[in-house]
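For the numbering used here, count along the sequence shown from 1 and bump the result up by 157.
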Amino acid sequence: MLPLASSLLALFDDIATLLDDVSVMSKLAARKTAGVLGDDLALNAQQVTGVRADRELPVVWAVMRGSFRNKFILVPGALLISAFIPWLITPLLMLGGAFLCYEGFEKLAHRFFHDDTERRAQKLEALADPNRDMVAFEKTRIRGAVRTDFILSAEIIAITLGTVATATFLTQVLVLSTIALAVTVGVYGLVAGIVKLDDVGLALTERGSTALQKIGHGLLWLAPWLMKTLSVVGTAAMFMVGGGILTHGFHALGHWIENTAEHTVDLPWIGSVLGGVLPTLMSAGVGILAGAVIFGVIMLGGKLFDRREAH
158 MLPLASSLLA LFDDIATLLD DVSVMSKLAA RKTAGVLGDD LALNAQQVTG VRADRELPVV
218 WAVMRGSFRN KFILVPGALL ISAFIPWLIT PLLMLGGAFL CYEGFEKLAH RFFHDDTERR
278 AQKLEALADP NRDMVAFEKT RIRGAVRTDF ILSAEIIAIT LGTVATATFL TQVLVLSTIA
338 LAVTVGVYGL VAGIVKLDDV GLALTERGST ALQKIGHGLL WLAPWLMKTL SVVGTAAMFM
398 VGGGILTHGF HALGHWIENT AEHTVDLPWI GSVLGGVLPT LMSAGVGILA GAVIFGVIML
458 GGKLFDRREA H
């Protein structure tokens with residue numbers, strides 16, 4: 158269940174990043190239409206009525222529709238591969254896992270080596286360009302989120318398929334379809350609910366009851382922090398999922414991690430806890446290292462290519 162839960166958390170990260178961009182666009186729209194200047198909390202309080210709901214929820218539903226399309230491709234594809242070329246599942250999963258590690262490390266690199274305030278200011282400046290096609294910008298971000306969803310959905314489908322590998326074909330179809338539907342509706346339904354937290358909070362602050370107003374202010378404070386938390390946890394989940402897939406693909410490494418965890422169980426006080434947590438932490442460490450290597454190779458390759466183009 159842990160790999161499945163980690164995959165779901167990793168999905169949240171990309172949606173949180175996407176909604177951050179929509180938040181920037183919403184802030185720009187607020188400035189253009191009402192001259193509203195303020196921080197993210199003021200924006201979450203929706204001083205310009207309807208801006209966030211009009212911008213964010215359609216984006217969530219658009220990614221959700223893309224996720225459904227992904228499942229319609231992945232479920233039959235997984236069944237066909239499992240039936241005719243089962244040896245291909247592990248290499249494909251490892252490619253997806255490597256991509257997750259790379260994407261997770263890329264996010265870390267941007268967080269630690271780029272000024273977030275400067276990044277948001279540059280994004281606002283770019284979006285303020287009257288020649289900027291806002292619809293095209295939003296569609297590009299949605300396509301990126303759907304692409305990540307495809308990889309994570311593939312991991313979820315593969316994990317599910319592994320649990321029903323010995324079942325009848327009909328059972329496999331029913332289980333995969335049920336999981337695909339439940340995951341998509343559950344994840345994006347939850348994201349939509351989180352997005353509406355600020356609207357609920359704003360509505361409560363306008364009530365006459367002091368208690369309801371306090372709850373409303375609490376929700377307004379909670380909403381942006383919740384999205385940031387999901388982003389951080391989602392990035393960590395990318396390393397856990399990606400690293401876990403890589404360690405299982407390289408059997409020697411996977412066995413070494415399992416043996417190391419087993420030896421820690423006998424330690425006093427923390428042995429049982431450490432034995433359960435250590436495999437996940439070590440898989441995440443493998444994911445970070447793999448992501449760093451891939452990121453470095455891509456960056457180096459890009460610089461070499463640019464030099465050749467310059468000459």
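Glycine included, each C-beta is placed from N, C-alpha and C at the ideal position. Keep in mind it's a predicted model, so treat the numbers as computed, not measured.
How is residue i classed by DSSP in three states: helix, strand or coil?
{"i": "L435", "result": "helix"}
{"i": "K189", "result": "Confidence is the limiting factor: at K189 the pLDDT is only 35, short of 50, which leaves the residue's position unreliable and the question unanswerable from this model."}
{"i": "R364", "result": "coil"}
{"i": "F407", "result": "coil"}
{"i": "D463", "result": "helix"}
{"i": "D423", "result": "coil"}
{"i": "N418", "result": "The sequence given here has Ala at residue 418, not Asn. Correct three-state label for A418: helix."}
{"i": "V321", "result": "coil"}
{"i": "I242", "result": "coil"}
{"i": "T206", "result": "Residue confidence for T206 is low, a pLDDT of 28 falling below 50, so the modelled location carries little weight and cannot support an answer."}
{"i": "V450", "result": "helix"}
Looking at the secondary structure, which residues open and close the alpha helix (DSSP H) in which residue i lies?
{"i": "L333", "result": "F326 to V352"}
{"i": "A255", "result": "I246 to F270"}
contact_flag[the region 247 to 256, the region 358 to 375] where n(CB pairs < 8 Å) is 3 or more: No contact exists between the region 247 to 256 and the region 358 to 375.
Cβ contact check for the region 412 to 423 and the region 382 to 392: 3 or more pairs under 8 Å: no
Three CB pairs or more closer than 8 Å across the region 336 to 345 and the region 297 to 316: Yes: the two stretches touch, three or more of their Cβ pairs being nearer than 8 Å.
The region 263 to 272 in contact with the region 419 to 431 per 3-pair CB rule at 8 Å: no
Given 8 Å, three or more beta-carbon pairs between the region 436 to 453 and the region 396 to 406: yes
Touch test, the region 390 to 399 against the region 255 to 264, Cβ-Cβ under 8 Å, three pairs minimum: yes
Contact the region 231 to 244 vs the region 306 to 325: 3+ CB pairs below 8 Å: yes
Three-pair Cβ contact test at 8 Å for the region 211 to 226 versus the region 358 to 369: no
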